[in-house]
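Student: This is the structure I want to talk about, given as structure tokens.
Number of protein chains: 2
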Amino acid sequence: MSTGSPVGSHRVVSPAGALPQAAVRLDPDPEIRDDEVRVSVERLNLDAASFRQLRTKHGGDGAAIRAEVLAIIAARGKMQNPVTGSGGMLIGTVDAVGPRSPLGLESGQKIATLVSLTLTPLLITDGLERWDGESEQVPAAGTAILFGRSIAAPLPDDMPEALALAVFDVCGAPALVRRVVSRRYHSAPTVAVIGAAGKSGSLSLAAAKDAHAAKVVAVVRDQVEAAQMRRLGLADKVAVADATDPLALSHAVTEALRGRGADVTVVCVDVPGCEHGAVLATATGGTVVFFSMATSFPQAALGAEGLAADVEMLIGNGYVPGHADYALHLMNAHPRLKELFNTRIGAHA
Amino acid sequence: MSTGSPVGSHRVVSPAGALPQAAVRLDPDPEIRDDEVRVSVERLNLDAASFRQLRTKHGGDGAAIRAEVLAIIAARGKMQNPVTGSGGMLIGTVDAVGPRSPLGLESGQKIATLVSLTLTPLLITDGLERWDGESEQVPAAGTAILFGRSIAAPLPDDMPEALALAVFDVCGAPALVRRVVSRRYHSAPTVAVIGAAGKSGSLSLAAAKDAHAAKVVAVVRDQVEAAQMRRLGLADKVAVADATDPLALSHAVTEALRGRGADVTVVCVDVPGCEHGAVLATATGGTVVFFSMATSFPQAALGAEGLAADVEMLIGNGYVPGHADYALHLMNAHPRLKELFNTRIGAHA
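Those sequence lines, one after another, are chains A and B. Residue 203 in our numbering is what sits at position 203 of the first sequence, and the numbering runs on without skipping anything. Residue 175 in our numbering is what sits at position 175 of the second sequence, and the numbering runs on without skipping anything.
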């Protein structure tokens with residue numbers, strides 16, 4: 001068997017020339033090419049937006065939801081909700097590794113995929129019979145395929161699965177924050193994390209500290225979160241502001257930094273309308289990193305122009321080499337960060 | 001009179017706390033604060049999308065279009081089409097300069113505003129009586145206000161007004177390309193400009209050359225544009241590809257660069273769906289600069305993650321200090337670039 005395309009285009013059935021994520025249908029054949037990996041699936045984690053749409057559509061009827069998920073996977077060769085466009089991720093055990101796979105995985109390893117289900121060839125063999133259709137956690141049997149450029153991370157032995165998945169879900173953020181903070185400046189930069197109490201926000205705080213930021217400001221929406229931040233102990237200053245109010249946000253940041261904007265502003269608030277405030281809160285020559293999927297490209301571009309703001313604006317790329325390991329390292333280095341995550345995922349540590 | 005907010009929030013009438021661009025209504029009072037500049041308006045250039053909407057709505061009735069533009073400006077204190085949200089720019093003569101204005105303008109200078117009409121306080125005094133409502137070029141009399149952080153550029157003596165405006169319209173692109181190319185790499189980077197035959201694309205080519213890129217690839221959509229690029233003479237290689245076909249685009253770029261992706265990929269194609277191709281066309285560790293307003297933030301972020309692409313993605317900020325002068329400099333340094341622009345704006349040079 002020869003090697004495939006590293007991005008998986010050889011698995012695209014239709015339309016011709018598309019990449020797997022944009023494809024209508026993938027070929028989930030369990031036979032692997034020399035650079036592919038086959039995973040024996042144990043559980044699908046459906047994307048929250050996708051599961052919500054399915055539950056609403058079927059009025060909470062679990063059997064109908066299960067039937068539709070099965071039908072989608074059978075028709076598309078992948079789990080991509082046709083309405084929301086979103087997928088999720090999966091957990092499984094490495095089943096077969098092609099001799100030319102560059103992923104470094106070994107048979108028998110328990111892994112989570114860090115690429116979306118929307119581009120992962122998937123074949124279900126148990127009719128999802130163990131799933132009641134009432135939760136986005138889907139026990140499943142079947143096979144999934146990883147390409148040469150897919151990303152998967154071994155699940156750590158020393159961490160509950162749900163916690164590890166919550167960390168993996170946002171692991172791109174701390175890795176990129178570390179990179180931006182440690183390489184961009186001659187002297188240590190100041191950092192403001194907007195939405196610091198969430199998962200990507202709190203990991204970004206830890207990364208900024210770890211990368212020796214001169215001063216780290218946590219911006220949160222209310223006093224409850226402010227108290228959480230003080231207990232977390234990773235921020236030099238904690239400020240409360242509405243991130244969608246540009247003048248209030250920039251005032252909160254510049255006040256915390258004694259009259260200057262932040263050298264690096266990290267946006268982790270998942271609501272629309274934070275672009276202008278983030279730009280205004282950033283010092284001339286500084287950098288804004290947008291991780292929120294609610295970010296509007298035109299709002300950011302035209303906002304910075306309208307404010308005559310000489311700032312660099314980065315689209316938060318979810319992939320940075322070593323991101324999963326780095327996020328786990330931060331989590332283990334900060335017990336109170338782990339506590340915060342357990343609160344977020346509803347676990348009792 | 002005291003100074004105002006440098007971003008103009010003191011001119012916002014409603015809603016309270018908004019920035020001028022997001023405001024429903026601005027105060028266009030001609031009396032200026034100490035850091036403001038008053039411009040005597042000569043002509044408005046309505047944004048193309050805005051004018052199209054108005055013309056369609058009124059079935060091409062020029063008098064009705066004029067009446068609506070007048071009503072919008074009277075109601076909002078600025079020209080911002082409530083349907084498209086867009087504005088345009090204006091040309092005028094500097095009328096009064098506050099003693100603490102940082103803009104460096106002098107009374108009597110003829111200027112173009114480089115910030116949008118959507119955030120510029122505007123008062124019309126002639127009822128737009130010289131405008132027939134049949135073109136987006138609106139002869140007008142009245143006053144406009146510039147803030148401390150507004151941007152305006154003197155119109156050059158040695159260039160037709162229409163050409164200068166076309167250059168100003170995209171002048172952020174070459175300035176940012178120069179910055180990225182000249183500061184990001186230890187050795188000179190290779191550059192691919194996607195959509196190189198347009199205004200921002202061709203200026204980006206010139207900037208990449210000027211910044212001593214190792215090799216510059218112009219990617220265009222057809223042979224007509226390819227011939228224009230060869231005549232322009234600013235690219236080392238010219239490639240033809242559909243920018244919305246990710247595999248075709250990346251193949252065209254890597255072929256032109258002998259098997260490697262570009263260190264810097266500049267996206268100037270104003271159609272949706274170019275994100276994944278641009279990411280795939282970029283070398284590991286490289287940079288993608290998105291200038292197209294059709295760029296989708298989630299498509300770029302999730303695309304790079306799905307492709308496990310370690311690339312930095314920049315939101316093209318339309319403001320870089322000195323951008324207007326630099327673009328005029330490039331235009332004057334390359335007579336064939338000027339020819340190309342004249343073709344684009346329909347002028348006969």
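Don't be surprised by glycine CBs; every beta carbon is placed ideally from N, CA and C. Treat the numbers as computed from the prediction; the structure is a model and nothing was measured.
#1: Is Ala-308(A) helix, strand or coil by DSSP?
#2: Which residues in chain A sit within 9 Å of Gln-21(B), going by Cβ to Cβ distance?
#3: Determine the direct distance from the alpha carbon of Gly-195(A) to that of Glu-68(B), and round the result to whole angstroms.
#4: Please classify Val-45(A) as buried or exposed, where buried requires at least 16 other C-beta atoms within 10 Å of its C-beta.
#5: At the level of alpha carbons, what is the spacing between His-334(A) and Leu-203(A)?
#6: Taking the C-alpha atoms as reference points, what is the distance between Ala-53(B) and Ala-304(B)?
#7: So Ala-144(B) and Leu-122(B) are supposed to be a Cβ contact under 8 Å. How far apart are they, rounded?
#8: Leaving out five residues on either side along the sequence, give the residues of the same chain with a beta carbon under 6 Å from the beta carbon of Thr-282(B).
#9: Got a sec? Which residues, its chain only, sit under 7 Å from Val-181(B) by beta carbon, not counting five neighbours each side?
#10: Give the secondary structure of Lys-57(A) by DSSP, where H, G and I count as helix, E and B as strand, and everything else as coil.
#11: Taking C-beta to C-beta, are Ala-239(A) and Val-219(A) nearer than 9 Å?
#12: Quick check: His-276(A) and Leu-307(A), are their CB atoms within less than 9 Å of each other?
#13: For Ser-9(B), return the contacting residues in chain A, with the cut-off set at a CB-CB distance below 8 Å.
#14: Indicate whether at least one CB of chain B lies closer than 9 Å to the CB of Asp-270(A).
#15: When you compare only the Cα positions, how much space is there between Lys-199(B) and Arg-230(B)?
#16: Secondary structure at Glu-255(A), three-state DSSP: helix, strand or coil?
#17: Pick helix, strand or coil for Asp-132(A), following the three-state DSSP scheme.
#18: Which residues in the same chain have their Cβ closer than 7 Å to the Cβ of Arg-38(A), if we skip the five residues on either side of it in sequence?
#19: So, does the CB of Gly-370(A) fall closer than 9 Å to a CB anywhere in chain B?
#20: So which of Ser-101(A), Thr-343(A), Glu-136(A) and Gly-316(A) has the shortest CA-CA distance to Ser-86(A)?
#21: Counting contacts by CB-CB distance shorter than 9 Å, is Ile-151(A) in contact with chain B?
#22: Suppose the cutoff is 6 Å on Cβ atoms and the five residues either side in sequence are ignored; what does the same chain contact list for Thr-3(B) look like?
#23: Does DSSP classify Met-79(A) as helix, strand or coil?
#24: Note down, in chain order, every chain B residue with its Cβ under 8 Å from the Cβ of Val-320(A).
#25: Could you list which residues in chain B have their beta carbon closer than 7 Å to that of Pro-82(A), in chain order?
#26: With respect to the alpha helix (DSSP H) encompassing Ala-372(A), which residues constitute its N-terminal and C-terminal limits?
#27: Counting only beta-carbon separations shorter than 9 Å, does Ala-112(B) have a partner in chain A?
#28: Hey, does Pro-174(A) have any beta-carbon neighbour from chain B nearer than 9 Å?
#29: Okay, do the stretch 145–154 of chain B and the stretch 113–127 of chain B touch, 3+ Cβ pairs below 8 Å being the bar?
#30: Return the Cβ separation of Phe-297(A) and Phe-297(B) in integer angstroms, given the expectation that the two are a contact with Cβ distance under 8 Å.
#31: Report the three-state DSSP secondary structure of Met-159(B) (helix, strand or coil).
#32: List, in order along the chain, the chain A residues whose C-beta lies closer than 7 Å to that of Phe-168(B)?
#33: Answer yes or no: does any C-beta atom of chain A fall closer than 9 Å to that of Ser-200(B)?
#34: When the Cα atoms are used, what is the spatial distance from Ser-14(A) to Asp-132(B)?
#35: Looking only at DSSP bridge pairs, what is Thr-125(B) linked to?
#36: Leu-328(A) lies in the alpha helix (DSSP H); which residues open and close that run?
Tutor: Answer, in terms of the structure:
#1: If DSSP states are grouped into helix, strand and coil, Ala-308(A) belongs with coil.
#2: Those within 9 Å of Gln-21(B) in chain A are His-276, Leu-302, Gly-303, Gly-306 and Leu-307.
#3: Cα to Cα, Glu-68(B) sits roughly 42 Å from Gly-195(A).
#4: For the sequence presented, residue 45(A) should be read as Asn rather than Val. Around the beta carbon of Asn-45(A), 16 or more other beta carbons sit within 10 angstroms, so the residue counts as buried.
#5: Inter-residue distance for His-334(A) and Leu-203(A) is about 10 Å (C-alpha atoms, whole angstroms).
#6: Correcting the residue type first, residue 53(B) is Gln in the shown sequence and not Ala. Near 35 Å, if we compare the C-alpha coordinates of Ala-304(B) and Gln-53(B).
#7: Confirmed, Cβ separation roughly 5 Å.
#8: Counting only Cβ-Cβ distances below 6 Å, and skipping sequence neighbours, we find Gly-261, Ala-262, Thr-265, Val-288 and Val-311.
#9: The beta carbon of Val-181(B) lies closer than 7 Å to those of Pro-189, Val-191, Ala-208, Ala-211, Ala-213 and Val-264 in the same chain, with the five residues before and after it left out.
#10: In this structure, Lys-57(A) counts as helix in the three-state DSSP scheme.
#11: Result yes, Cβ atoms of Ala-239(A) and Val-219(A) sit closer than 9 Å.
#12: Yes.
#13: Under the 8 Å cutoff, chain A gives Leu-247.
#14: By this cut-off, Asp-270(A) is not an interface position.
#15: If you take the alpha carbons of Lys-199(B) and Arg-230(B), they lie about 16 Å apart.
#16: Glu-255(A): helix per DSSP, three-state reduction.
#17: Here Asp-132(A) sits in coil by DSSP.
#18: Same-chain partners within the cutoff: Pro-30, Ile-32, Asp-95, Ala-96, Thr-143 and Ile-145.
#19: Since the first residue of chain A shown is 1 and the last is 349, residue 370(A) is not available in this structure.
#20: Checking every option, the nearest Cα to that of Ser-86(A) belongs to Glu-136(A).
#21: The beta carbon of Ile-151(A) sits closer than 9 Å to some beta carbon of chain B.
#22: Result list for Thr-3(B): Arg-33, Asp-34, Asp-35 and Arg-100, in chain order.
#23: Correct three-state label for Met-79(A): coil.
#24: Neighbours of Val-320(A) on chain B, chain order: Asp-310.
#25: Those do not exist, as Pro-82(A) stays about 17 Å from chain B at its closest Cβ, beyond 7 Å.
#26: What the structure shows of chain A is the stretch from 1 to 349, and residue 372(A) is not part of that stretch, so it cannot be assessed.
#27: Not closer than 9 Å to any Cβ of chain A, the Cβ of Ala-112(B) fails to qualify, so no.
#28: Output row for Pro-174(A): interface = no.
#29: The stretch 145–154 of chain B, when compared against the stretch 113–127 of chain B, does touch it at the 8 Å Cβ threshold.
#30: Confirmed, about 5 Å.
#31: Note: Met-159(B) maps to coil in three-state DSSP.
#32: Residues of chain A passing the Cβ test: none, with the nearest at roughly 12 Å.
#33: The beta-carbon of Ser-200(B) is placed no less than 9 Å from the nearest beta-carbon of chain A.
#34: In a straight line, the C-alpha of Ser-14(A) is about 51 Å away from that of Asp-132(B).
#35: Paired residues: none, contrary to the question.
#36: Looking at the DSSP string, the run of the alpha helix (DSSP H) that includes Leu-328(A) is 323–333.
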